[in-house]
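A.B. asks: In terms of full-length UniProt numbering, the sequence shown opens at residue 1 and continues consecutively.
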Amino acid sequence: MSTYVDPEIGAALVAAAEAAQGVTLPERDDPLGLRELTNQTLVGVLGALPPTPDVSTTTFTATADDGTTIPSRWYARADSAPGSAVVYVHGGGMICGSVELYEPLVQHYVQLTGVPMLSVDYRLAPEVHDSTPATDSFAALQLLYKEADNLGVDRSRIALMGDSGGGGIAASTAILARDNGIEVAKQILVYPMLDDRNTEPDPILAPTALWSYDNNYTAWHALLGDTIGGATVSPLAAAARLVDFSNLAPAYIEVGELDIFRDESLRYAQQLATAGVSCEFHLYPGAPHGYDWLGVQTAIGTRVMTDRIRVLKSL
Numbered sequence: 001m002s003t004y005v006d007p008e009i010g011a012a013l014v015a016a017a018e019a020a021q022g023v024t025l026p027e028r029d030d031p032l033g034l035r036e037l038t039n040q041t042l043v044g045v046l047g048a049l050p051p052t053p054d055v056s057t058t059t060f061t062a063t064a065d066d067g068t069t070i071p072s073r074w075y076a077r078a079d080s081a082p083g084s085a086v087v088y089v090h091g092g093g094m095i096c097g098s099v100e101l102y103e104p105l106v107q108h109y110v111q112l113t114g115v116p117m118l119s120v121d122y123r124l125a126p127e128v129h130d131s132t133p134a135t136d137s138f139a140a141l142q143l144l145y146k147e148a149d150n151l152g153v154d155r156s157r158i159a160l161m162g163d164s165g166g167g168g169i170a171a172s173t174a175i176l177a178r179d180n181g182i183e184v185a186k187q188i189l190v191y192p193m194l195d196d197r198n199t200e201p202d203p204i205l206a207p208t209a210l211w212s213y214d215n216n217y218t219a220w221h222a223l224l225g226d227t228i229g230g231a232t233v234s235p236l237a238a239a240a241r242l243v244d245f246s247n248l249a250p251a252y253i254e255v256g257e258l259d260i261f262r263d264e265s266l267r268y269a270q271q272l273a274t275a276g277v278s279c280e281f282h283l284y285p286g287a288p289h290g291y292d293w294l295g296v297q298t299a300i301g302t303r304v305m306t307d308r309i310r311v312l313k314s315l
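#1: Would you please state the rounded distance, in angstroms, between the beta carbons of residue 177 and residue 141? I believe it to be under 8 Å.
#2: Nearest-angstrom Cα distance between residue 155 and residue 88?
#3: Skipping 5 residues on each side, what residues in its chain have a beta carbon closer than 6 Å to that of residue 65?
#4: Going by CA-CA distance only, name the one from 220, 192, 300, 277 that's closest to residue 263.
#5: Might you give, ordered along the chain, the residues of its own chain that have their beta carbon closer than 7 Å to the beta carbon of residue 247, omitting 5 neighbours on each side?
#6: Determine the closest residue to residue 230 out of 94, 130, 13, 82, with distance taken between C-alpha atoms.
#7: Would you call the region 74 to 89 and the region 113 to 131 touching, i.e. three or more CB-CB distances under 8 Å?
#8: Does the region 297 to 312 touch the region 7 to 17, meaning 3 or more C-beta pairs lie closer than 8 Å?
#9: Tell me, please, which residues DSSP counts as bridged to residue 71.
#10: With distances taken between CB atoms, is the gap from residue 254 to residue 184 smaller than 8 Å?
#11: Residue range of the beta strand (DSSP E) that residue 282 falls in?
#12: In the DSSP assignment, find the alpha helix (DSSP H) that holds residue 42 and state where it starts and stops.
#13: If you count every other CB in all the chains shown that lies within 10 Å of the CB of residue 196, and 16 or more means buried, which is it?
#14: How should residue 4 be labelled, buried or exposed, when 16 other C-beta atoms within 10 angstroms of its C-beta is the threshold for buried?
#15: Under the criterion of a Cβ to heavy atom distance below 7 Å, does residue 36 qualify as lining the ligand GTP?
#16: Can you grab the Cα-Cα spacing for the pair residue 216 / residue 157, in whole Å?
#17: Just how far apart, CA to CA, sit residue 169 and residue 282?
#18: For residue 235 versus residue 164, is the C-beta distance shorter than 8 Å?
#19: Do you know how far the Cα of residue 211 is from the Cα of residue 18?
#20: Give, in chain order, every unbroken run of the alpha helix (DSSP H) that is at least 4 residues long and sits entirely within the region 103 to 162.
#21: Could you please give the first and the last residue of the uninterrupted beta strand (DSSP E) stretch that includes residue 88?
#22: For residue 55, write down the residues that DSSP places opposite it in a beta bridge.
#23: For residue 106, which option in 145, 46, 125 has the closest C-alpha, if you only look at C-alpha atoms?
#24: Quick one: Cα of residue 167 to Cα of residue 290, how far?
#25: On the criterion of 16 or more Cβ atoms from any shown chain inside 10 Å, does residue 187 qualify as buried, or is it exposed?
#26: Identify the continuous alpha helix (DSSP H) that holds residue 297 and give its terminal residues.
#27: With C-beta atoms as the reference, is residue 34 less than 8 Å away from residue 104?
#28: Taking just the CA atoms, how far does residue 214 sit from residue 108?
#29: Keeping to the same chain, check which residues put their C-beta closer than 8 Å to that of residue 37; ignore five residues upstream and five downstream.
#30: With a 10 Å radius around its C-beta and 16 neighbouring C-beta atoms as the bar for buried, classify residue 288 as buried or exposed.
#31: Taking C-beta to C-beta, are residue 61 and residue 73 nearer than 8 Å?
#32: Could you say which of 114, 145, 94, 146 lies nearest to residue 123 if we only look at CA atoms?
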């Protein structure tokens, strides 16, 4: 039986494949090569989003637990009412992406919802390792708590949000928040990268994997080194390693049916629910990783944006 691919997504995949002809893919375990290629893709995809003239930007600096300064950008509409806010953790497999590259997307969310966001420029692997991306993001969360009164933010209405590698980091940051007694209103995880053990190709998923198993190994190995897949990996680096899911923030999780992150996202949602944590979960049929980037105007693209806007406005 052939694998079902959403027809609109399938057409976008064909167009993307044609556009990528002649592009040299990086070798397995070449994180800097993968970073360069992925960042080029992000420029094209996110740069195509419409302008957001009503969104202003302010720069803040958080301080990580090792004393390193972590740049963060605050995005808000002039008419944003006091209340909720989001710490946004950009995607990129924990090895690429940046606040600058993700600025069009974060501004887009703020423009559509009126909910301000603090986007964190966490440090990337392979320059840093293990839980550093999560502790950097936690520093941004602490900064938002500190500045909440000045920014008109209700501390009980602060959420964490991230996509792909940023979704995994957001999940680990939610764990840090729970363990340190900081309330998080919701963790919004968009096709999150959660499990370092997911490196063996699934024959059904591999052919349509826009983020491949080789990419996944490259990224996790850059972050974890030789501990990848081993018993010592912390949930602050790979959230799927968590044992105790109790008292975590309520979650919204979405993933595509053809994404290599599908099963780990399903398991994470189930473990949250089993622990009594409220979790809204969406599995999009016939959709690979990054389905929203493949076609904003597709039915799936419209649906996911509607869901995300609804969740953000509900904070």
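Backbone N, C-alpha and C define an ideal beta-carbon position, used for all residues, glycine too.
C.D. replies: According to the structure data:
#1: Residue 177 to residue 141, Cβ: 6 Å. Contact.
#2: Going from the Cα of residue 155 to the Cα of residue 88 covers about 16 Å.
#3: The beta carbon of residue 65 is closer than 6 Å to those of 135 in its chain, skipping five residues each way along the sequence.
#4: When only C-alpha atoms are compared, the closest one is 192.
#5: Within the same chain, and ignoring the five residues on either side of residue 247 in sequence, the residues whose Cβ sits closer than 7 Å to its Cβ are 178.
#6: Measuring from the Cα of residue 230, the nearest candidate turns out to be 130.
#7: Pairwise C-beta distances place the region 74 to 89 in contact with the region 113 to 131, as three or more of them are shorter than 8 Å.
#8: Output reads yes: the region 297 to 312 touches the region 7 to 17.
#9: In the DSSP output, where bridge partners are listed per residue, residue 71 has 61.
#10: No, the Cβ-Cβ distance between residue 254 and residue 184 is not below 8 Å.
#11: 279 to 284 is the extent of the beta strand (DSSP E) around residue 282.
#12: Taken as a continuous stretch (DSSP letters only), the alpha helix (DSSP H) holding residue 42 covers 31 to 46.
#13: Buried is the call here.
#14: Label assigned to residue 4: exposed.
#15: Questions concerning the ligand GTP fall outside what the structure shown contains, since it holds no ligand whatsoever.
#16: Those two C-alpha atoms are separated by around 33 Å.
#17: Approximately 19 Å, taken between the alpha carbons.
#18: Going by C-beta atoms, residue 235 is not nearer than 8 Å to residue 164.
#19: Distance between the alpha carbons of residue 18 and residue 211 is about 17 Å.
#20: Within the region 103 to 162, the complete alpha helix (DSSP H) runs of at least 4 residues are 132 to 151.
#21: Counting along the chain, the unbroken beta strand (DSSP E) around residue 88 starts and ends at 83 to 89.
#22: Looking at the DSSP assignment, residue 55 forms a beta bridge with 77.
#23: Of the candidates 145, 46, 125, the one whose C-alpha sits nearest the C-alpha of residue 106 is 46.
#24: Approximately 12 Å, taken between the alpha carbons.
#25: For residue 187, the number of other beta carbons within 10 angstroms of its own is at least 16, and it is reported as buried.
#26: Unbroken run through residue 297: none, as it is neither H nor E.
#27: With respect to residue 104, residue 34 sits apart: the two C-beta atoms are not nearer than 8 Å.
#28: Whole-angstrom Cα-Cα distance: 31 Å.
#29: Short of 8 Å from the beta carbon of residue 37, and not among the five residues preceding or following it, lie these beta carbons of its own chain, in chain order: 23, 25, 26.
#30: Burial state of residue 288 is buried, judged by a 10 Å Cβ sphere holding 16 or more other Cβ atoms.
#31: No, the Cβ-Cβ distance between residue 61 and residue 73 is not below 8 Å.
#32: Per the Cα distances, 94.
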